[in-house]
Every structure is written in C-alpha cells, then in structure tokens.
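A.B. asks: Counted the way my numbering counts, the sequence shown spans residues 5 to 436. Ideal Cβ placement from N, Cα and C applies to all residues, glycine included. Note that the structure is a prediction, hence the values are computed from the model and not measured.
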Amino acid sequence: MKIIIVGGGAGGLELATYLGRKLGAKKKAEVLLIDRQPTHLWKPLLHEVAAGSLDSEVDSVSYRAHGHQNGFQFKLGEFCGLDSDRQCIQLAPLLDDEGEEILPQREEPYDQLVLAIGSVSNDFRIPGVADHCRFLDGTAQAKNFHRNLVNRFIQLNRQLKDDPAMKLRVAIVGGGATGVELTAELFNARELFNMYGLEQVTADNLDVTLIEAGPCLVPALSPRVSNAVLEEVKKLGVDVRLNTQVSSAEKGIFHTKDENKIEADILVWAAGIKVPEFITDIEGLETNRLNQILVKPTLQTTVHDNIYAIGDCAGLQLSENKWVPPRAQSAHQMASLVGKNIVKTLQNKPLDEFQYRDHGSLISLSRYTTVGVLMGNLGKGGSINLRGWLARMAYISLYRMHQVALHGWPKAILMVVADRINHIIRPRLKLH
Ligand SMILES: Cc1cc2nc3c(=O)[nH]c(=O)nc-3n(C[C@H](O)[C@H](O)[C@H](O)COP(=O)(O)OP(=O)(O)OC[C@H]3O[C@@H](n4cnc5c(N)ncnc54)[C@H](O)[C@@H]3O)c2cc1C
Numbered sequence: 005m006k007i008i009i010v011g012g013g014a015g016g017l018e019l020a021t022y023l024g025r026k027l028g029a030k031k032k033a034e035v036l037l038i039d040r041q042p043t044h045l046w047k048p049l050l051h052e053v054a055a056g057s058l059d060s061e062v063d064s065v066s067y068r069a070h071g072h073q074n075g076f077q078f079k080l081g082e083f084c085g086l087d088s089d090r091q092c093i094q095l096a097p098l099l100d101d102e103g104e105e106i107l108p109q110r111e112e113p114y115d116q117l118v119l120a121i122g123s124v125s126n127d128f129r130i131p132g133v134a135d136h137c138r139f140l141d142g143t144a145q146a147k148n149f150h151r152n153l154v155n156r157f158i159q160l161n162r163q164l165k166d167d168p169a170m171k172l173r174v175a176i177v178g179g180g181a182t183g184v185e186l187t188a189e190l191f192n193a194r195e196l197f198n199m200y201g202l203e204q205v206t207a208d209n210l211d212v213t214l215i216e217a218g219p220c221l222v223p224a225l226s227p228r229v230s231n232a233v234l235e236e237v238k239k240l241g242v243d244v245r246l247n248t249q250v251s252s253a254e255k256g257i258f259h260t261k262d263e264n265k266i267e268a269d270i271l272v273w274a275a276g277i278k279v280p281e282f283i284t285d286i287e288g289l290e291t292n293r294l295n296q297i298l299v300k301p302t303l304q305t306t307v308h309d310n311i312y313a314i315g316d317c318a319g320l321q322l323s324e325n326k327w328v329p330p331r332a333q334s335a336h337q338m339a340s341l342v343g344k345n346i347v348k349t350l351q352n353k354p355l356d357e358f359q360y361r362d363h364g365s366l367i368s369l370s371r372y373t374t375v376g377v378l379m380g381n382l383g384k385g386g387s388i389n390l391r392g393w394l395a396r397m398a399y400i401s402l403y404r405m406h407q408v409a410l411h412g413w414p415k416a417i418l419m420v421v422a423d424r425i426n427h428i429i430r431p432r433l434k435l436h
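(1) Where does GLU185 land, buried or exposed, given buried means 16+ other C-beta within 10 angstroms?
(2) Which word fits ARG90, buried or exposed, when buried means at least 16 other C-beta atoms lie within 10 angstroms of its C-beta?
(3) For GLU18, count neighbouring Cβ atoms within 10 angstroms of its own Cβ and tell me buried if that reaches 16, exposed if not.
(4) In three-state DSSP terms, what is CYS317?
(5) Who does GLY364 pair with in a DSSP beta bridge?
(6) Do the CB positions of GLN94 and GLU111 come within less than 8 Å of each other?
(7) Can you tell me the Cα-Cα spacing of ALA318 and LEU210, whole angstroms?
(8) For the segment 266-309, list the beta strand (DSSP E) runs that are entirely contained and at least 3 residues long, ordered along the chain.
(9) Report all residues from its chain with a CB closer than 7 Å to the CB of ALA395; omit the five preceding and five following residues, and keep chain order.
(10) From the DSSP output, which residues share a beta bridge with CYS92?
(11) Does at least one heavy atom of ligand 1 sit under 7 Å from the Cβ of HIS44?
(12) Can you name, in chain order, every residue of its own chain whose Cβ lies under 8 Å from the Cβ of LEU382, other than the five neighbours on each side?
(13) Quick one, which of LEU402, GLU254, ALA398, HIS406 has its alpha-carbon nearest SER135's?
(14) Out of VAL250, ASP269, ALA268, GLU267, which one is the CA nearest neighbour of PHE260?
(15) Is the segment 183-198 close to the segment 277-293, with three or more CB pairs under 8 Å?
(16) Kindly list the residues whose CB is nearer than 8 Å to the CB of LEU1, restricted to its own chain and excluding five residues on each side of it in sequence; keep chain order.
(17) What did DSSP end up calling VAL328 once you bin it into helix, strand or coil?
(18) Decide if the segment 7-22 is in contact with the segment 327-341; the criterion is three or more beta carbon pairs, one per stretch, under 8 Å apart.
(19) For ASN155, write down the residues that DSSP places opposite it in a beta bridge.
(20) Nearest to ASN74 by CA position, among ALA54, ARG25, ALA55, LEU99, is which residue?
(21) My output table needs one value for ASN389: the three-state DSSP class, helix, strand or coil.
(22) So, do the segment 124-144 and the segment 225-240 have three or more beta carbon pairs nearer to each other than 8 Å?
(23) Using only CA atoms, which one of ALA217, ILE297, SER226, TRP327 lies nearest to TRP273?
(24) What are the boundary residues of the beta strand (DSSP E) that includes PHE191?
(25) Round the Cβ separation of SER64 and LEU45 to the nearest angstrom and send it over; I've been treating them as touching at under 8 Å.
(26) Using beta-carbon positions only, say whether ASP269 and ARG156 come within less than 8 Å of one another.
(27) I'd like to confirm the pairing. Which residues does DSSP put opposite ASP211 in its beta bridges?
(28) Quick one: what does DSSP say LEU402 is sitting in, helix, strand or coil?
(29) Where ASP115 and ALA33 are concerned, what is the direct C-alpha to C-alpha distance, given to the nearest angstrom?
(30) Whose C-alpha, out of VAL299, ASN247, ASP39, LYS344, is nearest the C-alpha of ASP262?
Below, the structure is given as structure tokens:
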C-alpha cells in the first residue's frame with residue numbers, strides 16, 4: 005500500500021512521522037510526504053520569526069533528514085491536481101529561484117491520500133490588500149517581513165538624528181491571535197534593537213495600530229481573556245481600533261468603511277483564513293465557504309473514502325454554525341485520528357470518529373505576559389483562566405508537545421536544553 009501525505013505542517017508532519025514509524029519502517033506500507041518547501045517550521049512561531057525573536061534556521065526540521073530517521077520518504081513538490089479515478093495526484097513543475105525548470109509536471113500514484121495543505125490569510129477580496137499588505141502565511145514571508153523590519157529600524161535610527169519626532173508606523177488588520185501576538189513581538193523587537201546599538205529608537209518611535217472589525221480583541225476567546233488582552237496591549241501603547249472595517253488598501257494606507265484613513269509604513273493583514281482557491285476546482289472534493297474540504301467524522305472526504313483531509317484545510321462541521329477551528333491543536337488531534345484510521349484500514353477494522361477536544365487557547369504577548377484559558381480535565385470539564393508565568397509555561401508546552409510528536413521525548417528534552425544554551429550564547433534578537 006502507498007500512502008501519500010500532502011503538506012508537512014503541524015498536522016501532516018506529525019502524521020507522516022507516526023505512519024513512517026508504524027508502517028514505513030516495518031515495510032508494511034510505503035509512506036511518502038510531499039511539501040512545496042524543503043523544511044518545516046511550526047506555523048504558530050511565524051510572528052516570532054517576523055519580529056526576529058526566533059531564528060527559523062535554528063528551529064526548522066529538514067523533511068528529508070526527518071523522513072530518513074522515521075521511515076518515510078520525502079518529495080519536494082507543489083500539489084496542483086487530483087485524478088481520483090486513476091488514484092494519482094499531480095505536482096506542478098519544480099522551478100529554481102531563477103525560474104529554471106528542475107523537474108517537469110509529475111504524477112504520483114496513491115492508495116490512501118491525506119491532504120494537509122493548511123490555509124492562507126483571507127483578504128476577503130478587499131481591493132488593494134493582496135498587493136499592498138504583508139502576510140504571515142509561511143516562513144519565506146516571515147523572513148521577508150523580518151528583513152524589512154531590520155532595514156526600517158536602521159533607517160529610522162538615522163532619521164531620528166535629524167528629526168526626533170520620526171516614528172515607524174505599523175498597522176495590523178486582525179485582532180485575533182496572530183495580530184495581537186505580532187504586535188507584542190514588535191514592541192519587544194524595538195526594545196532589543198535599542199539595546200543592540202540603534203540607540204536613537206525609543207518607545208516613542210514605534211506606533212502600532214491594531215484594527216479589528218468586531219467589538220473585541222481575540223473574539224474566539226472568553227470576554228475575560230479578551231479584556232485582559234486589550235488591557236495588556238493598551239499598556240504597551242498600541243492604538244486599538246475596534247468595530248473598524250477596512251474597505252480598501254493602497255500603498256501605505258488602509259481606508260475604512262467609516263471613511264477614515266489609517267496611514268502606516270508597514271501594512272499587515274492577519275484577518276481570517278481560507279484554503280487556497282485552486283482546491284475548489286479539483287473534481288471530487290466538496291468544499292465550504294472557506295474552501296475547506298468537507299470531511300466525514302472519520303475525516304475521510306465526503307466523496308472518496310481513500311482520501312482524507314486534516315488540519316486547516318479540512319472542514320468538519322460540529323453543529324449548525326460551528327466547525328472544528330483552524331488551530332494547531334485541531335491539526336494535531338486530526339493527525340492522530342487519521343494515523344490510527346489508516347492503520348485500521350490495513351487491518352480491515354472499522355474506523356474511529358473524530359471528537360474535537362478544546363484544550364483552551366493561550367495568547368503570548370512576547371516577554372510581557374501570556375493570557376489565556378485552559379479547558380477540560382483540569383477543572384472537571386470546566387475552564388481556568390491563566391495569566392503570567394503559568395500561562396507562559398502552558399503556551400510553550402504546546403510547541404514542546406509538537407516536538408515530542410516529531411522527535412520523541414529524549415530528543416525533545418535535548419532540544420529544550422539546546423534552547424537554554426542558545427539563549428545564553430546567541431543574541432536575543434535576529435539582527436540580520
Ligand atoms: C502567526 C500565527 C500564529 C498562530 N498561533 C497559533 C496558536 O498559538 N495556537 C494554535 O492552535 N494555532 C495557531 N495558529 C494556527 C496554526 O498555525 C494552524 O492552525 C496550523 O498550523 C494548521 O496546521 P496544518 O497542518 O493544517 O497546516 P500548516 O501547519 O499550515 O501546514 C501546511 C503545509 O502544507 C504545505 N503546502 C501548502 N500548500 C501546498 C501544496 N499545494 N503542495 C504541497 N505542499 C503544500 C505548506 O508548505 C505547509 O508545510 C497560528 C497561525 C499563525 C499564522
């Protein structure tokens with residue numbers, strides 16, 4: 005049997021690792037992971053890469069090396085089509101940085117296929133957003149953001165000698181986790197740039213405007229958490245604009261529905277997600293309004309039993325207006341279930357159904373504080389609100405659990421030690 009997993013993100017790489025160890029290494033099945041990038045970085049770290057608090061080179065996992073150690077193969081390629089009758093997927097031509105073709109369009113046959121291609125930011129087709137805003141959809145965009153930020157701070161430091169009132173203005177649309185966490189990381193970066201030699205740049209020289217269409221920040225969380233987050237970002241000096249809808253963007257300007265203009269040097273879009281459009285053109289996949297692939301409770305797609313979808317790209321309805329949320333914990337839980345279901349398919353056993361368990365949500369405001377809520381076992385099915393050090397530990401443990409799923413406990417513990425050492429020997433901010 006040949007199992008293909010397309011997308012090595014929070015869900016796909018955990019699944020490839022599980023199936024590689026369970027089936028691939030024992031030659032019970034061929035397990036192939038396909039991703040358009042050669043390395044994996046856990047997506048919830050992208051705002052830290054963008055601000056420079058994390059060096060993506062240090063935390064990235066090479067798919068090829070990881071596959072070699074865990075019993076699966078890896079192929080670099082971009083999934084672009086599916087022929088479900090012939091049971092094969094199509095991969096777009098592979099081009100190098102100069103646009104030269106390295107590999108032509110190819111096909112890859114499968115017996116079981118898992119789509120785990122994640123999501124991208126949703127610009128809701130608002131005019132100008134795609135052309136004038138920065139997005140945090142992948143490592144390349146986050147690194148690009150960081151390079152631009154370093155240059156802007158260097159430029160500002162020079163300009164401040166002539167005009168002490170100059171500011172770097174950043175406007176972020178989306179008061180969800182990504183927007184809020186990026187905001188806090190920018191303030192942390194500003195302080196560290198000052199410490200590492202950009203001495204003219206002080207707290208007065210960074211202006212962040214956080215724009216949210218709804219009446220509160222992090223609307224997916226409880227009012228208590230949302231108020232705590234609002235209080236913390238206001239303490240940093242952020243200009244929070246609630247109930248503000250952006251109607252269009254142009255270079256350096258957001259226009260709002262109430263006919264105001266928000267001008268900034270850097271425009272960031274972090275409001276909502278969707279699955280890339282091309283998925284809706286693939287015959288044999290049903291999709292919802294976010295282009296998520298509709299799946300049954302077994303996580304098999306609604307049309308084909310040998311095609312699964314997991315993570316952000318999967319649409320599983322829990323009740324009339326409630327879908328499994330696009331979060332790392334959903335991708336993790338879905339990967340675990342599909343891993344078990346594929347093994348059960350080999351054993352001709354009935355498949356299990358997905359039960360989403362919300363373990364809570366935590367918002368990291370960089371080194372300032374962490375706020376959130378933990379659900380479930382801790383409070384007999386209830387929830388507890390956390391803030392500060394304990395919340396920070398719970399937030400960090402999410403990434404540590406991902407590392408455990410990929411590398412096992414012994415290596416994951418060594419990685420914690422390596423991180424502590426790096427904290428001592430490396431600068432606290434990526435400066436180039
Ligand atoms: C800045 C930020 C902060 C976040 N913070 C949190 C948080 O604190 N907690 C939380 O629970 N969630 C958080 N999230 C959401 C979380 O990152 C996602 O829900 C999660 O990564 C989804 O996992 P996934 O496996 O579905 O997709 P991803 O992790 O996005 O992986 C998708 C993979 O598919 C590959 N791919 C995409 N298209 C193709 C293609 N056509 N062909 C081949 N490969 C392809 C990509 O290269 C990628 O490796 C955050 C997201 C962002 C952007």
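C.D. replies: Straight from the coordinates:
(1) Label assigned to GLU185: buried.
(2) Classification of ARG90: exposed, given that the 10 Å Cβ count is below 16.
(3) Buried, since its Cβ has 16 or more Cβ neighbours within 10 Å.
(4) DSSP, reduced to helix, strand and coil, places CYS317 within a helical segment of the structure shown.
(5) Answer by DSSP bridge pairing, in chain order: LEU378.
(6) For the 8 Å CB-CB criterion, GLN94 and GLU111 form a contact.
(7) One C-alpha to the other measures close to 39 Å.
(8) List check, beta strand (DSSP E) in window: 270-273.
(9) Counting only Cβ-Cβ distances below 7 Å, and skipping sequence neighbours, we find LEU366, THR374, VAL375, GLY376.
(10) DSSP lists ASP87, PRO113 as the beta-bridge partner residues of CYS92.
(11) Result yes, Cβ under 7 Å from ligand 1.
(12) Because LEU382 sits at a pLDDT of 48, beneath the cut-off of 50, its placement in the model cannot be relied upon, and the point is left open.
(13) Checking the sequence shown, residue 135 turns out to be Asp, not Ser. Out of LEU402, GLU254, ALA398, HIS406, GLU254 has the C-alpha closest to the C-alpha of ASP135.
(14) Inspection of the sequence shows that residue 260 is occupied by Thr rather than by Phe. Checked all of VAL250, ASP269, ALA268, GLU267; the closest Cα to THR260 is VAL250.
(15) Counting Cβ pairs under 8 Å, fewer than three are found: no touch.
(16) Nothing can be reported for residue 1: it is not among the residues displayed for the chain, which extend from 5 to 436.
(17) Residue state, collapsed to three classes: coil.
(18) Three or more Cβ pairs closer than 8 Å define a contact, and the segment 7-22 meets that threshold against the segment 327-341.
(19) In DSSP, ASN155 forms no bridge with anything.
(20) Nearest to ASN74 by C-alpha distance, out of ALA54, ARG25, ALA55, LEU99, is ARG25.
(21) Note: ASN389 maps to strand in three-state DSSP.
(22) Touching, no, given that fewer than three Cβ pairs across the two stretches are closer than 8 Å.
(23) Taking only the C-alpha atoms, the option nearest TRP273 is ALA217.
(24) Residue range 181-199 is occupied by the alpha helix (DSSP H) that includes PHE191, with no beta strand (DSSP E) assigned at that position.
(25) Their Cβ separation, rounded to whole angstroms, is 5 Å, which keeps SER64 and LEU45 in contact under 8 Å.
(26) Going by C-beta atoms, ASP269 is nearer than 8 Å to ARG156.
(27) Answer is ARG173.
(28) In this structure, LEU402 counts as helix in the three-state DSSP scheme.
(29) In this structure, the CA atom of ASP115 is about 10 Å from the CA atom of ALA33.
(30) Taking only the C-alpha atoms, the option nearest ASP262 is ASN247.
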